[in-house]
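Some notes on the structure that comes next.
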Amino acid sequence: MSQDDKVGDDGRLVVAINGGPRKNWNTFLLLEEALRGASDAGARTLRYDLFEMNFKGCVSCFYCKTKENYHKGKCAQKDDLAPVLKTLKDATGLVMGSPIYLSDVTGSLRNFWERYVFQNIIYSNTEQSVLERGPGMGVIYTMNIPEDMMPVMNYDILLSSHFYFLERLNPPILEQICSCDTLQFNDYDKYYAPMFNSEAKKRSRELEFPGDLHKAYELGFRLGQVKEKQRIRNA
Ligand SMILES: Cc1cc2nc3c(=O)[nH]c(=O)nc-3n(C[C@H](O)[C@H](O)[C@H](O)COP(=O)(O)O)c2cc1C
5 MSQDDKVGDD GRLVVAINGG PRKNWNTFLL LEEALRGASD AGARTLRYDL
55 FEMNFKGCVS CFYCKTKENY HKGKCAQKDD LAPVLKTLKD ATGLVMGSPI
105 YLSDVTGSLR NFWERYVFQN IIYSNTEQSV LERGPGMGVI YTMNIPEDMM
155 PVMNYDILLS SHFYFLERLN PPILEQICSC DTLQFNDYDK YYAPMFNSEA
205 KKRSRELEFP GDLHKAYELG FRLGQVKEKQ RIRNA
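So the sequence shown is numbered by my numbering: it starts at 5 and just counts up by one.
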């Protein structure tokens with residue numbers, strides 16, 4: 005966990021959930037840039053690195069759907085994610101990032117979503133979520149494929165499905181950013197990967213990645229500007 009204590013706390017808190025394993029690589033750098041934007045907008049920031057935490061996805065205990073507890077939006081599992089889910093109740097902004105692994109986000113971000121999103125969903129046709137108003141949200145994806153391959157690989161459908169379930173939490177902002185054609189290795193000569201052109205990858209890193217960092221900063225800044233707190237339904 006990293007924390008930014010520089011900024012005075014007026015209640016704005018932007019939390020980054022890092023669903024990638026590599027520190028200082030694409031996903032991490034984009035999330036950090038989003039947090040820099042949020043901090044510049046005046047919000048306090050926190051980052052949680054899911055790969056350093058011990059937790060599972062949803063175990064279908066359905067505590068969060070019981071008649072006594074469904075309105076609390078609370079997961080019953082007690083593990084490293086429990087304090088994160090508690091902190092997220094106070095977040096005004098939430099930025100999540102993941103590399104694409106086998107055409108989806110990493111298992112870690114998926115497990116986080118199963119816990120965070122599912123605890124807040126109500127099984128009702130009239131009320132979608134415990135949250136009448138959720139935190140502002142952003143998702144940052146990084147991937148090997150170039151942007152024009154995204155529809156060919158059905159990644160547009162993948163992102164729509166993520167958008168659909170995150171939207172149920174009523175975020176005032178919900179944005180997705182894709183950083184495509186990322187640099188995967190520092191030295192392509194060391195690896196057997198003939199499908200990649202190392203020079204093209206380096207060019208993409210020099211020419212495209214700075215633009216992605218800028219988009220992440222701007223997203224973080226917008227999330228940092230969200231002032232209104234989350235609202236629990238009927239609370
Ligand atoms: C296990 C694994 C599976 C991957 N699967 C895909 C994939 O399906 N599509 C894709 O575009 N990139 C895939 N990649 C590449 C990563 O998404 C890409 O390199 C990403 O930018 C890595 O993020 P990082 O630099 O933050 O670690 C995969 C990488 C790994 C390690």
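Quick reminder that beta carbons are idealized off the backbone N, C-alpha and C, glycines included. Treat the numbers as computed from the prediction; the structure is a model and nothing was measured.
Going by DSSP in three states, Val121 sits in which element: helix, strand or coil?
helix
Just to confirm, does Phe32 get its C-beta within under 7 Å of one of the non-hydrogen atoms of ligand 1?
yes
Within the 8 Å Cβ cut-off, does Thr49 reach chain B?
Looking at the structure shown, chain B is missing, and only one protein chain is on hand.
Please classify Arg119: is it buried, with 16 or more other beta-carbons within 10 angstroms of its beta-carbon, or exposed?
buried
Helix, strand or coil for Ile181 per DSSP?
strand
Which term fits Tyr168, buried or exposed, when burial requires 16 or more other beta carbons within 10 angstroms of its beta carbon?
exposed
Sort out for me which residues DSSP pairs Met141 with in a bridge.
Leu98, Leu178
Looking at Gly224: is its Cβ nearer than 8 Å to the Cβ of Ala42?
yes
Following the continuous alpha helix (DSSP H) through Ala20, name the residue where it begins and the one where it ends.
It is not in any alpha helix (DSSP H) - Ala20 instead sits in the beta strand (DSSP E) that spans 17-22.
Rounded C-alpha distance that separates Tyr195 from Glu136
49 Å
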